[in-house]
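Taking it in order: structure first as structure tokens, then the write-up.
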Amino acid sequence: MCGIVGIYLKTKKYEKSLGKFLSGMLDNMATRGPDSAGFAIYTKENKNIFKYSICLNKLSEQDFKKKISKYLKKIKLTKYSDHVVLETKESPKSVIKIINENIKEVSIVGYGKSINIFKQTGNPKDVVKKFKLSSFSGTHGIGHTRMATESAITTEGSHPYSTAEDECLVHNGSLSNHNNVRRELIKKGQTFKSENDTEVAAGYMSNKISEGNDLKTTLTSSLKNLDGFYTFIAGTKNGFALLRDEIACKPAVVAETKDYVAVASEFQAMAHLPNVNSAKIYEPKPGIVYSW
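Numbering (the working numbering), first residue to last: 26 to 317.
So, in structure tokens, the structure goes:
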């Protein structure tokens, strides 16, 4: 059992409150996933700058700065708990190669021109405080609280998973054929950092999108190719999409107003949102992709 949440802002009215809204949603899902938590915040795209969300693990911020400065000269670093956001004009292909080959102590958890991703083990209420989630602004965000089942309680085993630029995925459920799918994706050049089945689903999504499919088509195809019980929230720089498998034993609820769309495993995650009592509230149908 895990908790998933997402909020997409239809207008600019609440952009400065996005982090506050998402923080409350994750707090209220802590009982569904006490082992770890994570979230992705999307902001307006800066066309000239790439952002890399990096977990320092046991490396200090100063040591990381010294190491990365050997390879990249014009950078900006912002520290959030045990993560840093590296900003640079250098392309992902170059930066990812530099870090993977020369600074192996750290882990890239996400990158793009719009996305910031942070995740950590521990109680979700503590995790959101450490990253000061309530201070973030943005256009949309998704989050996850994890109860570990099929893999270890580690940062690498935590959600969201990001396997391509400005893409991420959170998942409640389990996939039964993830090892077979993993092998097929590896043959196509996809790499994985964990044994988690959700990373495989994220890799599947990235692979399909790289082939020219849009997000809705990609998630629809997962109904045929990913076996198991699941509810997905998949994010891109343009918005996010929701899918429950055709049996739909993993819960989800949607609340929609003129200002936002909120998605969560349980309604209690959304109880603090403005005007939620007058929102259109519904349970998403099985096997149908909802996108905003």
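Backbone N, C-alpha and C define an ideal beta-carbon position, used for all residues, glycine too.
Span separating the alpha-carbon of residue i from that of residue j
i    : j    : result
A226 : K138 : 22 Å
N197 : H184 : 10 Å
A277 : V301 : 16 Å
G214 : I178 : 27 Å
K144 : S303 : 32 Å
L244 : L111 : 30 Å
I124 : T188 : 16 Å
Y67  : F265 : 10 Å
M172 : I29  : 11 Å
V106 : K283 : The residue you asked about is not Val; residue 106 is Ser in the sequence shown. The alpha-carbon atoms of S106 and K283 are separated by roughly 35 Å.
Q293 : T216 : 36 Å
F161 : E308 : 28 Å
Paired residues, beta bridge with residue i - DSSP
i    : result
C274 : According to DSSP, which records beta bridges pairwise, C274 is partnered with nothing at all.
R269 : T256
F143 : F64
S183 : DSSP output for S183 lists no bridge partner at all.
H196 : F257
Buried or exposed by the 16-neighbour rule on C-beta atoms within 10 Å, applied to residue i
i    : result
N127 : exposed
S290 : buried
Y255 : buried
G237 : exposed
C274 : exposed
E130 : exposed
S231 : buried
Nearest residue (CA-CA) to residue i, options the options
i    : options              : result
H165 : C27, Y33, K305, P309 : Y33
H297 : K38, M54, F46, A189  : F46
I234 : T261, I142, G31      : T261
K305 : A294, A287, E281     : E281
Y136 : K92, Y186, L158      : Y186
E224 : N71, V195, N73, D52  : V195
K218 : A55, S132, G253      : S132
Residue i at chain C interface by Cβ criterion, 9 Å
i    : result
T223 : No chain C is part of this structure, which consists of one protein chain only.
* To do: Count the CB pairs spanning the region 100-117 and the region 199-219 that are closer than 8 Å, and state whether there are at least three.
  => no
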